[in-house]
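Shown next, in structure tokens, is the structure this report addresses.
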Amino acid sequence: MPEPKPTVPASPAGSTATPSGVIADLVRDHGLILRATVALERCAARLTAPGEVDKREREHLALLLGFFRDFAEGIHDAKEEEALIPALVGAGVPADTGIVREIMDVHLQATERLARVTAKRAEPALEPIADYSELLRQHLRAEEHSLFPLVERFLDPASEQRVLVGFRQIEARAGDERGYDGFDREIGRLLAPLDQLYPDRKRPW
Ligand SMILES: [Fe+2]
Ligand SMILES: [Fe+2]
Numbered sequence: 004m005p006e007p008k009p010t011v012p013a014s015p016a017g018s019t020a021t022p023s024g025v026i027a028d029l030v031r032d033h034g035l036i037l038r039a040t041v042a043l044e045r046c047a048a049r050l051t052a053p054g055e056v057d058k059r060e061r062e063h064l065a066l067l068l069g070f071f072r073d074f075a076e077g078i079h080d081a082k083e084e085e086a087l088i089p090a091l092v093g094a095g096v097p098a099d100t101g102i103v104r105e106i107m108d109v110h111l112q113a114t115e116r117l118a119r120v121t122a123k124r125a126e127p128a129l130e131p132i133a134d135y136s137e138l139l140r141q142h143l144r145a146e147e148h149s150l151f152p153l154v155e156r157f158l159d160p161a162s163e164q165r166v167l168v169g170f171r172q173i174e175a176r177a178g179d180e181r182g183y184d185g186f187d188r189e190i191g192r193l194l195a196p197l198d199q200l201y202p203d204r205k206r207p208w
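In short: position in the sequence shown from 1, add 3, done, that's the working numbering.
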């Protein structure tokens, strides 16, 4: 009997724009993580600028750090580590060398650097934030150049559907009512006042 075709449930937030392919799904996550990275860098610039840092700015930083913990690590990294990489390894990509090893190593490094940022939250934190954001930027670029071509090369349509089912299960397991759309709105809300704080700077996002 043929194996039943897996079905991909809607995202927990009921988003109507849930991507239908693995690469499109990860690209969407990467776009949001990049916007949050810009917001984090803006926060860092404010925290290290002369003058008082008000309560609202500290709250922005805390919300951003929560985003990286809950979404970038809790959901996005988990999708890659628990759903995508096992599927690629099952399809013949070596587990202990090359891009797979590099992704796992960088995820660990990012967790350590985020912990350093969090530990220094009560004081100016430009250096650990810069270390963290630079690592993320490099990592997103590296995955887009090295990991995504492996998805195209190694995953057939049925495997890709199974990975997408895994993605939705990880999002559901996170139990975060915000879902992708909620995180997206949250980052938008955090970016808007940061733009007001830097009216003379061109928005890079
Ligand atoms: Fe990653
Ligand atoms: Fe990624």
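From the three backbone atoms N, C-alpha and C, an ideal C-beta is built for every residue, glycine too.
Proximity winner among the options, relative to residue i (alpha-carbon distances)
| i | options | result |
| --- | --- | --- |
| Q141 | E85, H33, P22 and I190 | H33 |
| G77 | R116, G185, R176 and M107 | R176 |
| R119 | P131, K58 and V109 | P131 |
| R188 | V30, A27 and L67 | L67 |
| G95 | F74, L139, F157 and H148 | F157 |
| G93 | I26, V30 and V154 | V154 |
| V25 | L150, R59, A195 and R192 | L150 |
| A75 | R192, A48, S23 and V109 | V109 |
| G191 | T40, V30, S23 and P22 | T40 |
| R45 | E163, H63, T121 and K58 | H63 |
| L143 | I106, L167 and D73 | I106 |
| G69 | S23, A161 and I36 | I36 |
| F71 | E60, T121, S23 and I88 | T121 |
| R165 | I88, A98, D73 and A42 | I88 |
| H148 | L50, V30 and E180 | V30 |
Cβ neighbour criterion (16 or more within 10 Å) applied to residue i
| i | result |
| --- | --- |
| R171 | buried |
| K80 | A small correction: the amino acid at residue 80 is Asp; Lys does not occupy that position in the sequence shown. By the 10 Å Cβ count, D80 comes out buried. |
| A90 | buried |
| G28 | Note on identity: in this sequence residue 28 is Asp, with Gly being the wrong assignment. Answer is buried; the Cβ neighbour count reaches 16. |
| L111 | exposed |
| S136 | buried |
| L101 | Just to set this straight, residue 101 is Gly in the shown sequence, not Leu. With fewer than 16 other Cβ atoms within 10 Å, it is exposed. |
| R221 | With the chain represented from 4 up to 208, any question about residue 221 goes unanswered, as that position is not in the structure. |
| A211 | Summary: the structure shown does not reach residue 211, with the chain confined to residues 4 through 208, and so no result is reported for it. |
| G178 | exposed |
| R116 | buried |
| K82 | buried |
| R59 | exposed |
| A161 | exposed |
| A65 | exposed |
| E146 | buried |
| E163 | buried |
| A42 | buried |
Cβ-Cβ separation, residue j to residue i (assumed contact under 8 angstroms), whole Å
| i | j | result |
| --- | --- | --- |
| G182 | E174 | 7 angstroms |
| R38 | L194 | 7 angstroms |
| A47 | A133 | 7 angstroms |
(request) Mind listing which residues have their beta carbon within less than 7 angstroms of any non-hydrogen atom of ligand 3? Chain order is fine. (result) Because ligand 3 does not appear in the structure shown, any question about it cannot be addressed here, the ligands present being ligand 1 and ligand 2.
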